[in-house]
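Chemist:
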Amino acid sequence: TGVGRRLRGIRKTRGLTLVEASEATGISKSTLSRLETGQRRPSLELLLPLAWTYRIPLDDLVGAPDSGDPRIWMRPRRVKERTVIPLTTEPNAVQAWKIVIPSSLSEPRRRSHEGNEWLFVLSGALRLIVAEEDRVLAVGEVAEFDTQMPHWFGSTGAGPVELISIFNRPGER
Numbered sequence: 001t002g003v004g005r006r007l008r009g010i011r012k013t014r015g016l017t018l019v020e021a022s023e024a025t026g027i028s029k030s031t032l033s034r035l036e037t038g039q040r041r042p043s044l045e046l047l048l049p050l051a052w053t054y055r056i057p058l059d060d061l062v063g064a065p066d067s068g069d070p071r072i073w074m075r076p077r078r079v080k081e082r083t084v085i086p087l088t089t090e091p092n093a094v095q096a097w098k099i100v101i102p103s104s105l106s107e108p109r110r111r112s113h114e115g116n117e118w119l120f121v122l123s124g125a126l127r128l129i130v131a132e133e134d135r136v137l138a139v140g141e142v143a144e145f146d147t148q149m150p151h152w153f154g155s156t157g158a159g160p161v162e163l164i165s166i167f168n169r170p171g172e173r
């Protein structure tokens with residue numbers, strides 16, 4: 001239960017339309033629609049390409065119960081329209097996140113705060129504005145900046161972006 005709702009939420013978080021998801025998975029648009037609305041029962045044959053395309057573990061996609069696995073599985077959350085997955089657990093230490101930014105998040109809203117941030121682009125194209133510099137970073141590129149400078153990062157609008165963010169506050173270098 002709830003698989004259809006999770007599928008729709010993940011697809012929207014990734015910034016994909018049904019047509020784009022269909023093209024990426026090879027599953028027809030109508031089948032995807034029926035899966036998301038609960039009119040079609042999900043099968044492994046359908047869920048595997050969706051998990052691969054959405055880059056999410058199959059267990060998370062189907063809401064599998066906790067297996068007692070000793071590894072720590074950080075749960076994604078929504079922060080300012082972005083999907084954020086914490087990669088560290090100490091709130092007062094260096095913090096790391098995997099961030100997924102949908103293509104719709106392309107309107108700059110600069111902010112500033114104390115600290116330093118490093119960004120590493122995993123997929124897509126990241127638009128980064130720091131002070132007066134406006135750059136587009138490609139897969140594998142890295143940026144570092146003082147967050148006291150007005151800054152913003154998001155999608156170029158051409159598609160979603162996935163990145164790793166490492167942030168520290170002053171005095172934690």
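Take 1 as the starting number for the sequence shown in the numbering used here and just add one per residue.
We put the beta carbon where it would ideally sit given N, CA and C, even for glycine.
It should be emphasised that the depicted structure is a prediction, and the values quoted were computed from it without experimental measurement.
Excluding five sequence neighbours on each side, which residues of the same chain lie with their C-beta closer than 6 Å to the C-beta of V130?
Modeler: F145, M149, H151
Chemist: Over the uninterrupted beta strand (DSSP E) stretch that includes S123, give me the two end residues.
Modeler: 116 to 123
Chemist: Does the beta-carbon distance from V139 to L122 come in below 8 Å?
Modeler: yes
Chemist: Classify V100: buried if its beta carbon has 16 or more other beta carbons within 10 angstroms, exposed otherwise.
Modeler: buried
Chemist: So the candidates are Q95, T53, F167, P49; which of them puts its Cα closest to the Cα of G115?
Modeler: F167
Chemist: Per DSSP, which residues does W152 bridge with? Please list them.
Modeler: I129
Chemist: In angstroms with no decimal places, state the Cα-to-Cα distance between L18 and L32.
Modeler: 7 Å
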